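**Q**
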Amino acid sequence: MAAAAPAEAPPAAGHDARILALIGTGHFLSHFYMLCLPPLFIAWRAEFDVSYAALGLAFALMSATTAALQTPVGFLVDKHGARPFLVGGVLLMALSIAAMSVAPGYWAILLLAVLSGVGNSVIHPADYAILGGSIHPSRIGRAFAMHTFTGNLGFAAAPPTVAAMLLVMDWRPVLLILGLLGVPVVLAILWQSRILRDQAKPKAKPGQAAGPSGRELLLSRPILLFFGFFLLSAMAGSVIQTFTITVLGELWGTPVAVASFALTGYMVGATSGTLVGGWFADRSQKHMPFVIILTSLAALILVFIGAVPVPEWLLPLLAGAAGLAMGSSRTPRDVMLKNAIPPGQMGKVFGFVSSGLPLGGAITPVPLGWLIDLGLAWMVLPIAALLLLGSLLCMGGANGAARAARPLAVPAE
Numbered sequence: 037m038a039a040a041a042p043a044e045a046p047p048a049a050g051h052d053a054r055i056l057a058l059i060g061t062g063h064f065l066s067h068f069y070m071l072c073l074p075p076l077f078i079a080w081r082a083e084f085d086v087s088y089a090a091l092g093l094a095f096a097l098m099s100a101t102t103a104a105l106q107t108p109v110g111f112l113v114d115k116h117g118a119r120p121f122l123v124g125g126v127l128l129m130a131l132s133i134a135a136m137s138v139a140p141g142y143w144a145i146l147l148l149a150v151l152s153g154v155g156n157s158v159i160h161p162a163d164y165a166i167l168g169g170s171i172h173p174s175r176i177g178r179a180f181a182m183h184t185f186t187g188n189l190g191f192a193a194a195p196p197t198v199a200a201m202l203l204v205m206d207w208r209p210v211l212l213i214l215g216l217l218g219v220p221v222v223l224a225i226l227w228q229s230r231i232l233r234d235q236a237k238p239k240a241k242p243g244q245a246a247g248p249s250g251r252e253l254l255l256s257r258p259i260l261l262f263f264g265f266f267l268l269s270a271m272a273g274s275v276i277q278t279f280t281i282t283v284l285g286e287l288w289g290t291p292v293a294v295a296s297f298a299l300t301g302y303m304v305g306a307t308s309g310t311l312v313g314g315w316f317a318d319r320s321q322k323h324m325p326f327v328i329i330l331t332s333l334a335a336l337i338l339v340f341i342g343a344v345p346v347p348e349w350l351l352p353l354l355a356g357a358a359g360l361a362m363g364s365s366r367t368p369r370d371v372m373l374k375n376a377i378p379p380g381q382m383g384k385v386f387g388f389v390s391s392g393l394p395l396g397g398a399i400t401p402v403p404l405g406w407l408i409d410l411g412l413a414w415m416v417l418p419i420a421a422l423l424l425l426g427s428l429l430c431m432g433g434a435n436g437a438a439r440a441a442r443p444l445a446v447p448a449e
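Under my numbering, the very last position in the sequence shown is 449; numbers go up by exactly one each time.
1) Between which two residues does the alpha helix (DSSP H) harbouring Q33 extend?
2) Evaluate the contact criterion for the stretch 228–235 versus the stretch 163–176: three or more CB pairs, one atom per stretch, below 8 Å.
3) Work out the CA separation of S390 and F263 for me, nearest whole Å.
4) Going along the chain, which residues of its own chain have a beta-carbon closer than 6 Å to the beta-carbon of V150, five neighbours each way excluded?
5) I need the DSSP call for A434, collapsed to helix, strand or coil.
6) Using a 10 Å radius around the Cβ and a threshold of 16 neighbouring Cβ atoms, would you call G92 buried or exposed?
7) May I ask you to verify whether the stretch 297–306 touches the stretch 345–357, counting CB pairs closer than 8 Å and requiring at least 3?
8) Report the three-state DSSP secondary structure of M205 (helix, strand or coil).
9) Can you tell me whether M205 is buried or exposed, with buried defined as 16 or more other CB within 10 angstroms of its CB?
10) Can you find the residues in the same chain that come closer than 7 Å, C-beta to C-beta, to G117, ignoring five residues on each side of it along the sequence?
11) Residue range of the alpha helix (DSSP H) that D114 falls in?
12) If you scan the stretch 137–217 from start to end, which runs of the alpha helix (DSSP H) of 4 or more residues do you find wholly inside it?
13) What's the C-alpha gap between G436 and I259?
14) Under 8 Å by Cβ, that's how I've got V275 and V402 pegged, so tell me the actual separation to the nearest angstrom.
15) So L395 and A103 are supposed to be a Cβ contact under 8 Å. How far apart are they, rounded?
16) Please classify D457: does DSSP put it in a helix, a strand, or coil?
17) My output table needs one value for L412: the three-state DSSP class, helix, strand or coil.
18) Enumerate in chain order the residues of its own chain whose CB-to-CB distance from N156 is below 6 Å, with the five nearest sequence positions on each side excluded.
19) If you follow the alpha helix (DSSP H) that D370 is part of, which residue opens it and which one closes it?
20) Counting C-beta neighbours from all protein chains within 10 Å, is the total for Q321 16 or more, i.e. buried, or is it exposed?
21) So, for L76: in the same chain, excluding its five sequence neighbours on each side, which residues have a beta-carbon less than 6 Å away from its beta-carbon?
22) By Cβ distance, which residues of its chain are closer than 6 Å to L148, with the 5 residues on each side in sequence left out?
23) Helix, strand or coil for S34? Go by DSSP, reduced to three states.
24) Can you give me the Cβ contacts of V221 inside the same chain, cut-off strictly under 7 Å, excluding the 5 residues immediately before and after it?
25) Give the straight-line distance between the Cα atoms of P198 and T290, rounded to the nearest whole angstrom.
26) DSSP three-state call for K322: helix, strand or coil?
27) Here's the rule: buried if 16 or more other CB atoms are within 10 angstroms of the residue's CB, otherwise exposed. What is V292?
28) Alpha carbon to alpha carbon, what distance is there between M372 and A438?
29) Anyone know if the C-beta pair for A295 and G285 falls short of 8 Å?
30) In whole angstroms, give me the CA-to-CA distance for L58 and L429.
31) Rounded to whole angstroms, what is the Cα-Cα separation between D85 and Y142?
32) If contact is defined by three or more beta carbon pairs under 8 Å, each pair taking one atom from either stretch, is the stretch 302–312 in contact with the stretch 413–427?
33) Give me, in chain order, the residues of the same chain whose beta-carbon lies closer than 6 Å to that of F386; leave out the 5 immediate sequence neighbours on both sides.
34) Could you check what DSSP says for E348 in three-state terms: helix, strand or coil?
35) Are the CB atoms of A194 and L71 nearer to each other than 8 Å?
36) In terms of alpha-carbon separation, which member of T282, V327, V219 and A434 lies closest to G124?
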């Protein structure tokens, strides 16, 4: 199903670095704008006299809009090219955040959150389509790793940045400044757009039957199993990030400061692990064993932390190891998905499959929180481990189905 690697030598590393700087900065802003809103909730509650449930709706609408539109945007990216959508998406995100600074009421915040989500929905399908067309296959693992890494940095940077700015100015100029920061990024993408190549879209040869339509491709067994892998992985990650501090306190009486440090260790390990996975993905074709070993290791550590009391000094180290294993397995996963996609179809497939990430994050908090309310905190981390093992079943099935399906005819438009 994958296109053959080009025979020409890879371009200079500086060429790829410029591409990654453009794509990575847009991805950083995408994640930054998602998490720049929660630190403003207290100020908005005082300004607009609304409940915290209503405040949470702004974040929920932005996330839901992003998840819902990624797949249809992916179809447009594959048909019309990724660059105009990338420029438009980043600009819409930035201007929507900036416009919140003059919101006359909370209803305007909600409307602008939806518009920002529309812009954000472009990022994954457009980014992966450009990376697939612009980066030489010998470096694609490291390119995907840097893409994920910059997104994680955006998540990490948003809350402290907004909190620091709120110490010296009102929330309105904060949003105006942060939103307008996206305009230079758009201008840089326009200025350097000549180096951003779209994915190749080969034409069917005379007499060659057309392959599956876009809808048939997304509903094929390999792609649905990849979606299941992303979904279950995101569900497990949501459990870990949402409830690790609570569970450790409930089970072992771990102080909040120690449990928070453990969660930080997990997040640092997961973020840095993406770079390790990218390095491995470019140097080995044994992606599946790598993902199986590391994901199983992360699941084993989670079960151990939830079943055995360990010294407080050891908790951050164990959590960091679990995060490193999880993060390192992500880039080979992305490369395996790329290798399973027919030429010219990366936008729709990555848009569809990556929509499982926000969906997975939305599924688990309520039922797992209910288990804790029932006094069953001991079940939470083992459930996260089971979700990870379930994701491996999907991954194995997807990889096997993708291999069995090669080669396919060129997909129909």
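For each residue, glycine too, the CB sits at the ideal point set by N, CA and C.
Predicted model, so just to flag it, every value in this text is computed and none were measured.
**A** In this structure, then:
1) There is no way to answer for residue 33, as the model of the chain reaches only from 37 to 449.
2) yes
3) The residue labelled residue 263 in the question sits at position 227 within the sequence shown. The residue labelled residue 390 in the question sits at position 354 within the sequence shown. Going by the C-alpha atoms only, they are around 7 Å apart.
4) Sequence index remark: in the sequence shown, residue 150 carries index 114 (1-based). Excluding positions up to five away in sequence, the list reads L97 and T101.
5) On the sequence shown, residue 434 is found 398 positions in, with the first residue counted as 1. The answer is helix: DSSP assigns A434 an H, G or I state.
6) For the purposes of this step, residue 92 is taken as residue 56 along the sequence shown, with counting starting at 1. Exposed: under 16 other Cβ atoms inside 10 Å.
7) yes
8) By one-based count along the sequence shown, residue 205 stands at place 169. DSSP places M205 in coil when its eight states are reduced to three.
9) Locating residue 205 in the sequence shown gives position 169, counting from the first residue. Result: exposed.
10) For the purposes of this step, residue 117 is taken as the residue at position 81 of the sequence shown. Closer than 7 Å at Cβ, skipping near neighbours: D234.
11) For the purposes of this step, residue 114 is taken as residue 78 along the sequence shown, with counting starting at 1. Note, D114: alpha helix (DSSP H), Y88 to H116.
12) 142–156, 159–170, 176–202 and 207–216
13) The residue labelled residue 436 in the question sits at position 400 within the sequence shown. The residue labelled residue 259 in the question sits at position 223 within the sequence shown. Rounded to whole angstroms, G436 to I259 spans 11 Å at the Cα level.
14) Here residue 275 refers to the residue found at position 239 when the sequence shown is read from its first residue. Here residue 402 refers to the residue found at position 366 when the sequence shown is read from its first residue. Rounded, the Cβ-Cβ distance is 12 Å, inconsistent with contact.
15) Residue 395 sits at position 359 when you count from the first residue of the sequence shown. Residue 103 sits at position 67 when you count from the first residue of the sequence shown. Correct: roughly 6 Å between the Cβ atoms.
16) Since the displayed the chain opens at 37 and closes at 449, residue 457 lies outside it and no answer follows.
17) Residue numbering aside, residue 412 sits at position 376 when the sequence shown is read from its first letter. Correct three-state label for L412: coil.
18) Along the sequence shown, one-based indexing puts residue 156 at 120. So the qualifying residues of the chain are S66, T102 and M129.
19) Stepping through the sequence shown from its first residue, residue 370 is reached at position 334. That run of the alpha helix (DSSP H) goes L351 to N375.
20) Start at 1 with the first residue of the sequence shown, and residue 321 comes out as number 285. Classification of Q321: exposed, given that the 10 Å Cβ count is below 16.
21) For the purposes of this step, residue 76 is identified with residue 40 of the sequence shown, where counting begins at 1. Once the five neighbours on either side are set aside, the close Cβ partners of L76 are W207.
22) The count along the sequence shown starts at 1 and reaches residue 148 at position 112. Excluding sequence neighbours, L148 sits near S132, A135 and M136.
23) The structure shown does not extend to residue 34, since the chain is modelled only from 37 through 449, so no value can be given for it.
24) For the purposes of this step, residue 221 is taken as the residue at position 185 of the sequence shown. Cβ neighbours of V221 beyond the five flanking positions: T61, G62, L65 and V126.
25) Indexing the sequence shown from 1 puts residue 198 at position 162. Indexing the sequence shown from 1 puts residue 290 at position 254. Note on identity: in this sequence residue 198 is Val, with Pro being the wrong assignment. When rounded, the distance between both Cα atoms is 29 Å.
26) To locate residue 322, count along the sequence shown from 1; it is residue 286. Reduced to three states, the DSSP call for K322 is coil.
27) Against the sequence shown, residue 292 aligns to sequence position 256. Label assigned to V292: exposed.
28) By one-based count along the sequence shown, residue 438 stands at place 402. By one-based count along the sequence shown, residue 372 stands at place 336. If I take the Cα positions, the gap works out to 9 Å.
29) Locating residue 295 in the sequence shown gives position 259, where the first residue counts as 1. Locating residue 285 in the sequence shown gives position 249, where the first residue counts as 1. Yes. Within cutoff.
30) As a first step, residue 58 must be located in the sequence shown, where it is residue number 22. As a first step, residue 429 must be located in the sequence shown, where it is residue number 393. Approximately 35 Å, taken between the alpha carbons.
31) In the sequence shown, counting from the first residue as 1, residue 85 sits at position 49. In the sequence shown, counting from the first residue as 1, residue 142 sits at position 106. Cα to Cα, D85 sits roughly 9 Å from Y142.
32) no
33) As a working note, residue 386 is residue 350 in the sequence shown. Correct list, in chain order: H160, P161 and Y164.
34) Within the sequence shown, the letter at position 312 stands for residue 348. The answer is coil: DSSP assigns E348 none of H, G, I, E or B.
35) For the purposes of this step, residue 194 is taken as residue 158 along the sequence shown, with counting starting at 1. For the purposes of this step, residue 71 is taken as residue 35 along the sequence shown, with counting starting at 1. The answer is yes: Cβ separation under 8 Å.
36) Residue 124 sits at position 88 when you count from the first residue of the sequence shown. G124 has its Cα closest to that of V219, out of T282, V327, V219 and A434.
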